[in-house]
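Sequential numbering from 187 applies to the sequence shown in my numbering.
Comments concern the structure below.
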Amino acid sequence: MNAPRIALVTGATQGLGRALVEGLAARLDPADLVLLTGRDAGRVAQAAGEVARSPRSRSRVEGRLLDVTDTAAVTALAAELRDLHGGVDIVISNAIAPLVPDRSQAAQADEFIDVANVATHTILRSYGPVLRPGGRLIVVASSLGTLGHLDPRLHRLFDGVPLDRVESAVESWRGAIHAGTLDAAGWPHWINVPSKVAQVAAVRAVAAERRERDLATGTLVASVCPGMVDTRASRPWFSDYGHAQTPERAARAVLDLVLAEDVDPVLYGELIRFGKVVPWHGGTPPTEQERVIIP
């Protein structure tokens, strides 16, 4: 008999994260455990309780307080899951810090980078070693996360480099934001672009080190683009929601990938959108108009 599967989703009290938890709870087995995490204790408890009581839920659902910017807490939870369960089977790194139009990009940069990038690095480092054979380690990113969306001068910072070099590039970019030197180095002012490229580069760096043994055990490390999703975080930036998905619909494609029985080697380590690879070297720097509508 197979051991119960353990799944964890970050940023899961609302939007896509909650929809991912709901989908996992509906599609996993009764003995399996889904951990719904977030940084607000009240919202975590409420969301986990609602999902657990849903008639669609088949598996166990528990809420866990987790601020992904707290490196010690992220590491401690990974160690706990290793000690209690022998590891984890599904990790979906989904937490974001929403951007708002009425504040400057620079004023929002630190929190955004800490959640989207520094926390992603911590999750990759902490949960990669405790991912059980056949597991899934997934980072929710964006189709903006390809090299072509950056000035060619910046490609060398992210292309084919190890995780520590990605981390250094992120901190160099952060420094340029605060020093007011973005233009001189070629960094875009829209912070979502370098952030997403760095997320995908971090996943590629970890996947490059693990590829052979992961494919031998049916394990998947990848980043995903869920497409345009209508959430509280995205609403300030959109005027037309006609093409936006509900979180529930967006979660389906992600979960189809996560719960697929076999791992397609073509998908391993890549940015995946609706089951297809988004070319790493593709894309062009977004225009002023496009930057707020590209998912």
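Every residue gets a Cβ at the ideal spot worked out from N, C-alpha and C, and that includes glycine.
Just so it is clear, the structure is predicted and the values come from calculations on it, not from any experiment.
Extent of the continuous alpha helix (DSSP H) run through residue i
i, result
"Asp300", "Premise fails: Asp300 is in no alpha helix (DSSP H) and is neither H nor E."
"Ile309", "305 to 313"
"Gly201", "201 to 213"
"Asp269", "257 to 271"
"Ala393", "378 to 402"
"Val440", "433 to 444"
"Val482", "With the chain represented from 187 up to 481, any question about residue 482 goes unanswered, as that position is not in the structure."
"Asp369", "368 to 371"
"Val464", "Not the alpha helix (DSSP H): Val464 falls in the beta strand (DSSP E), residues 462 to 464."
Distance, residue j Cα to residue i Cα
i, j, result
"Val415", "Arg311", "28 Å"
"Gly320", "Val464", "23 Å"
"Glu195", "Ser381", "First, the amino acid is wrong: residue 195 is Val here, not Glu. Approximately 20 Å between the Cα atoms of the pair."
"Gln200", "Gln232", "11 Å"
"His307", "Phe344", "14 Å"
"Arg322", "Thr367", "38 Å"
"Gly314", "Asp400", "11 Å"
"Pro338", "Trp359", "15 Å"
"Asn280", "Asp450", "22 Å"
"Ala205", "Val301", "20 Å"
"Ala402", "Gln385", "25 Å"
"Val230", "Leu263", "16 Å"
"Val352", "Ala387", "7 Å"
Range covered by the beta strand (DSSP E) that runs through residue i
i, result
"Pro192", "In the sequence on display, residue 192 carries Ile and not Pro. Segment 192 to 195, the beta strand (DSSP E) holding Ile192."
"Ser354", "First-last for Ser354: 349 to 365, but that is the alpha helix (DSSP H), not the beta strand (DSSP E)."
Selected residue, minimal CA-CA separation from residue i, among the options
i, options, result
"Val316", "Val277, Asp337, Gly273", "Gly273"
"Val444", "Pro412, Thr470, His429, Ala430", "Pro412"
"Val254", "Ile278, Leu340, Ala305", "Ala305"
"Glu456", "Glu398, Gln431, Ala391", "Ala391"
"Thr470", "Leu336, Asn378, Ala437, Asp269", "Leu336"
"Ser329", "Lys462, Ala402, Ala283", "Lys462"
"Ala265", "Ile309, Leu214, Leu222", "Ile309"
"Arg246", "Arg268, Ala388, Arg213, Ala394", "Arg213"
"Ala394", "Val260, Pro241, Tyr454", "Tyr454"
"Asp442", "Val452, Asp218, Ile458", "Ile458"
"Val440", "Ser240, Asp296, Val326, Val383", "Val326"
Cβ distance (whole Å) where residue i is taken to contact residue j below 8 Å
i, j, result
"Pro216", "Arg244", "6 Å"
"Leu197", "Gly228", "First, the amino acid is wrong: residue 197 is Gly here, not Leu. Not really, about 16 Å apart at Cβ, beyond 8 Å."
"Ile299", "Arg191", "Wrong, their Cβ atoms sit about 32 Å apart, outside the cutoff."
"Thr332", "Gly468", "5 Å"
Residue-level contact to chain B via CB, residue i, 7 Å cutoff
i, result
"Ser243", "The chain inventory of the structure shown lacks chain B, comprising one protein chain alone."
Handout entry: Touch test, the segment 362 to 376 against the segment 399 to 410, Cβ-Cβ under 8 Å, three pairs minimum
Key = no
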